[in-house]
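Under my numbering, the residues of the sequence shown are numbered 121 to 261, in order. Beta carbons are placed, not taken as given, at the ideal position from N, Cα and C, and that holds for glycine. All values derive from a computational prediction rather than experimental measurement.
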Amino acid sequence: MALQKLFDRFLAQPEQNAELLSQLTITIKTFERPLALRRLVESIQQFYPRVRIVVVDDSAEQLQLDGVTTITMPFDSGVSAGRQRALEAVETRYVMVLDDDYIFTRRSGLVPCLRYLQRNEAVDIVGGERIDLPFYRINDR
């Protein structure tokens, strides 16, 4: 396990990827799931510590996390309004739109996706593999 964490840290911060990752903003829309949001943000920061993260939160009580720009909206504003507000806050060339129940791993592979977009100007969107974990549950509140 310790070796895996060391390997993960090595993969998370290669300097040659810093410039490319600086062109990415990750947006997250959340509502009433602070534990899920914290878990997602911590996983992003573990593997991509310099990536800008924008959270739009329309919960009754907003969670403030270090290294994250949090935009507060009126209670239960909705997913569409929240995502639109998040996109308005993006100033980078690339954007990633997430729900709060995702988790990043060492295999998340943002850099290959960004390199592909960089090399293929005609491509506007890329996707990755999403794995459903059968015993993974969000137990917030």
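Between Y214 and L160 the beta-carbon gap is near 18 Å, outside 8 Å, which marks them as no contact. Between the alpha carbons of M216 and E208 lies a distance of about 13 Å. Residue ranges of uninterrupted beta strand (DSSP E) with 3 or more members, entirely inside the region 131–215 and ordered along the chain, are 144–150, 172–177 and 189–192. For R235, the enclosing alpha helix (DSSP H) stretches over residues L230 to R239. In this structure, the alpha-carbon of E181 lies about 8 Å from that of E152. Annotated as distal: T150 and A206, with beta-carbon spacing of 8 Å or more. Between N240 and I251, the alpha-carbon positions lie close to 26 Å from each other. The DSSP-derived three-state label of D220 is coil.
Taking C-alpha positions only, L185 is separated from V199 by approximately 20 Å. Classified as buried, V175 has 16 or more neighbouring CB atoms from the shown chains inside 10 Å of its CB. Setting aside the 5 residues that flank it on each side, R170 is surrounded in the same chain by A138, L141 and S142, each with a C-beta closer than 7 Å to its C-beta; the list follows chain order.
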